[in-house]
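In the working numbering, each number is its position in the sequence shown, counted from 1, plus 347. Ideal Cβ positions, reconstructed from N, Cα and C, are used throughout, including at glycine. These numbers come from a predicted model, not from an experiment. Worksheet: the structure to be examined is printed underneath.
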Amino acid sequence: MITTPPSPPINNLTCPSFSETFVARNLVSGQLFFLHHIQILELFLALCVFITIHSLRQKKRHGLPVWPVLGMLPSLSFAVLGLQTNNLYEWLSQVLCRQNGTFLFQGPWFSSLFSVITSDPRNLEHLLKTKFSNFPKGPYFRDTVRDLLGDGIFNADDETWQRQRKTASIEFHSAKFRQLTADSLFELVHGRLLPVLEDSIKHSTAIDLQDILLRLTFDNVCMIAFGVDPGCLQLGLPKIPFAQAFEDATEATVMRFVTPSCLWKTMRYLNLGAERKLKRSIRGVDEFAEDVIRTRKKELPLLISATNNSNASNDDDKKNKQIRSDLLTVFMGLKDERGEAFSDKFLRDICVNFILAGRDTSSVALSWFFWLLHHNPEVEHKILQEICRIVGARTSSDRDREIKSDDDEAVVFKPEEIKKMEYLHAALSEALRLYPSVPLDHKEVVEDDVFPDGTILKKGTKVIYAMYTMGRMEAIWGKDCREYKPERWLRSSDGRFMSESAYKFTAFNGGPRLCLGKDFAYYQMKFVAASIIYRYRVRVVENHPVEPKLALTMYMKHGLKVTLQKRDHAGRHK
348 MITTPPSPPI
358 NNLTCPSFSE
368 TFVARNLVSG
378 QLFFLHHIQI
388 LELFLALCVF
398 ITIHSLRQKK
408 RHGLPVWPVL
418 GMLPSLSFAV
428 LGLQTNNLYE
438 WLSQVLCRQN
448 GTFLFQGPWF
458 SSLFSVITSD
468 PRNLEHLLKT
478 KFSNFPKGPY
488 FRDTVRDLLG
498 DGIFNADDET
508 WQRQRKTASI
518 EFHSAKFRQL
528 TADSLFELVH
538 GRLLPVLEDS
548 IKHSTAIDLQ
558 DILLRLTFDN
568 VCMIAFGVDP
578 GCLQLGLPKI
588 PFAQAFEDAT
598 EATVMRFVTP
608 SCLWKTMRYL
618 NLGAERKLKR
628 SIRGVDEFAE
638 DVIRTRKKEL
648 PLLISATNNS
658 NASNDDDKKN
668 KQIRSDLLTV
678 FMGLKDERGE
688 AFSDKFLRDI
698 CVNFILAGRD
708 TSSVALSWFF
718 WLLHHNPEVE
728 HKILQEICRI
738 VGARTSSDRD
748 REIKSDDDEA
758 VVFKPEEIKK
768 MEYLHAALSE
778 ALRLYPSVPL
788 DHKEVVEDDV
798 FPDGTILKKG
808 TKVIYAMYTM
818 GRMEAIWGKD
828 CREYKPERWL
838 RSSDGRFMSE
848 SAYKFTAFNG
858 GPRLCLGKDF
868 AYYQMKFVAA
878 SIIYRYRVRV
888 VENHPVEPKL
898 ALTMYMKHGL
908 KVTLQKRDHA
918 GRHK
């Protein structure tokens, strides 16, 4: 009988149980899984570090870090949102100065934000004059601002632009138009501006000078463009729906330039965010314009009849001439290329464009001018000296033979006296050099080209020229370029004003698109500035923040809070 030997006893130390084996295997698998994920995380972090270092290294070559897919958009976004600086234009100026005046902005792969940005006077002369026809506003610009500006002069190209400019140029240089602008400006300054300023002194309150100047120029340009007085500048500073709608519309429109086209167009389609605000604001602008056009069409036959009536009184005749001098009435009397009257939409576009130009540019320039005077009292003193010298010459002039009033508040500056204010002209030009009313402008390349500085331009490339930066470039204005020095505009021999090249000082554009209202803008600014400085000391409220706002024109973001101190007769003529 064969017996099976007994199995050896199982040693618990060498033969683990099933449960122990399962736990051990899970532990090992977990460790391997954890180590695997650590390796992936390390690889991901290493890749991020590599991309970051590589993108940041591009800054030296391209001016800004270039990120995969996003391009330079992160840097632009930080600047727009105020995370890097409170002044987008200053940030852009630093980039341009590092890149010797020109650099290529690379937007996201899926966007239309690729553009050449320049502040080189040679390039500006090339695109504004030498090759003007090769650099129109372009479809991108027109598409971006069309909802607000339509096909008006500042958004039009080719024949549409030429026809509007030719008509406006004839009107701007007519004696009738110059008389209308001078009369309306006198009425606004002496009938409204000075009483509003006096009221602030009476109640010892600070005022937002930028807001008051915007109201003044808005009323003035509406009289010129539409032939109507919206009444923005009055005691109590009433809210005017059209003025508020216009400001909201311009603010929302400029945001499109820093937003990918596909995004803002989607928001417009869905009526969301800034696009919803823009749509509502433009509706307010359109309603005002349509009402004025409709009323004017009813009035025009009556005005023509009254003008032809030889029995009309002098006062009525004068009023009719003024009404018939505004741009709306002038264009209503013209025909298009088909021999038909212009459409209401076309008339609306013309007037809105001129309001944009006339309202913002002068008032914004004056705001920065008074801020600069606050920080440069010696300039203010020289301006006052010049004004007092011109006023004092009235009593000794045999040609004028005017009776000088003992009340200096009654002083009204005549056009020929405004023209003699050379130092004031220089001081305003210097303010515009440092703070141009339009800090950036846009063109688009029609055919392949090359800038004088060697930058290659492909068809369809967007070109942005930075006037704000030009005023801060040592290569253009010298090492003191950031200083406020009106003397740089005066001839050393006789102290007369000396103009600069339009491609070095581009506040009024240059070439065929040179601002038609340049002479009027200077007259308006000098008349307003002289009327204020002669009567008051303007002092900015202590610790009031002053920085530019991102808009089509360079508003002060927080306005300009000031207090006024009345000048006494003795101090003024000391």
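Residues near residue i by beta carbon distance below 6 Å, same chain, minus five either side
i	result
K904	E894 and K896
D788	Y812
Q511	I500
S462	F452, K809 and I811
V639	F573 and V575
F635	F589
W824	none
L899	T597 and V601
S657	Annotation note: pLDDT 46 at S657 (below 50); position unreliable, no value reported.
N856	C862
Where the alpha helix (DSSP H) containing residue i begins and where it ends
i	result
A704	D691 to H722
K523	A522 to L535
F519	D505 to F519
E791	Looking at the DSSP string, E791 is not in any alpha helix (DSSP H); the run it does join, the beta strand (DSSP E), is L787 to E791.
L610	S608 to L617
S547	L541 to K549
H772	E769 to L781
E594	P588 to V601
N470	P468 to E472
D494	G485 to L496
T477	Careful: T477 lies outside any alpha helix (DSSP H) and carries neither H nor E.
V677	L674 to M679
Q446	Neither: Q446 is in no alpha helix (DSSP H) and is coded neither H nor E.
Within 8 Å, strictly: CB atoms of residue i and residue j
i	j	result
L675	L703	no
G578	D566	yes
V677	T514	yes
G858	F479	yes
I629	L495	yes
L439	T853	no
C698	A572	yes
G864	F519	yes
D555	L907	yes
N723	Y881	no
M872	L775	yes
A778	F844	no
D841	T449	no
F760	F874	yes
A773	L837	yes
Q591	S710	no
Own chain partners of residue i with C-beta closer than 7 Å, once the 5 adjacent residues on each side are dropped
i	result
W611	R603 and E622
R706	L561, T564, F565 and V568
Q581	R539
V543	I559, L580 and L582
E764	I737
D796	K478, N481 and L804
K665	Any reading at K665 needs caution, since the residue's pLDDT is 48, under 50, leaving its predicted position unreliable; the model's value is listed next. Taken in chain order, the list of residues that qualify is empty.
P492	Strictly speaking, residue 492 in this sequence is Val, with Pro absent from that position. N502 and T600.
W508	I500
D696	L496, G497, D498 and G499
I349	Reliability fails at I349, whose pLDDT of 46 lies under 50, so the model's placement of it is uncertain and the value that follows must be treated cautiously. Counting only Cβ-Cβ distances below 7 Å, and skipping sequence neighbours, we find nothing.
S690	none
S547	I554 and L911
Extent of the continuous beta strand (DSSP E) run through residue i
i	result
S462	S462 to T465
V909	K908 to K913
F450	T449 to F452
Proximity test, residue i beta-carbon vs the ligand GTP heavy atom, cut-off 7 Å
i	result
R643	Judged by which ligands are present, the structure shown has none, so any question about the ligand GTP falls away.
Bridge partners - residue i, DSSP secondary structure assignment
i	result
P895	M903
D796	L804
I554	V909
H682	According to the sequence as given, residue 682 is Lys; it is not His. Partner(s): A688.
Sequence-distant residues of its chain with Cβ nearer than 8 Å to residue i (five each side left out)
i	result
E791	F482, P483, K484, G485, P486, Y487, F488, G807, T808, K809 and V810
R829	L781 and R819
P585	G578 and C579
Within the region 556–582, ranges of the beta strand (DSSP E) (whole runs, at least 3 residues) = none
What are the complete alpha helix (DSSP H) segments, minimum 4 residues, inside the region 804–891?
-> 814–817, 821–824 and 865–880
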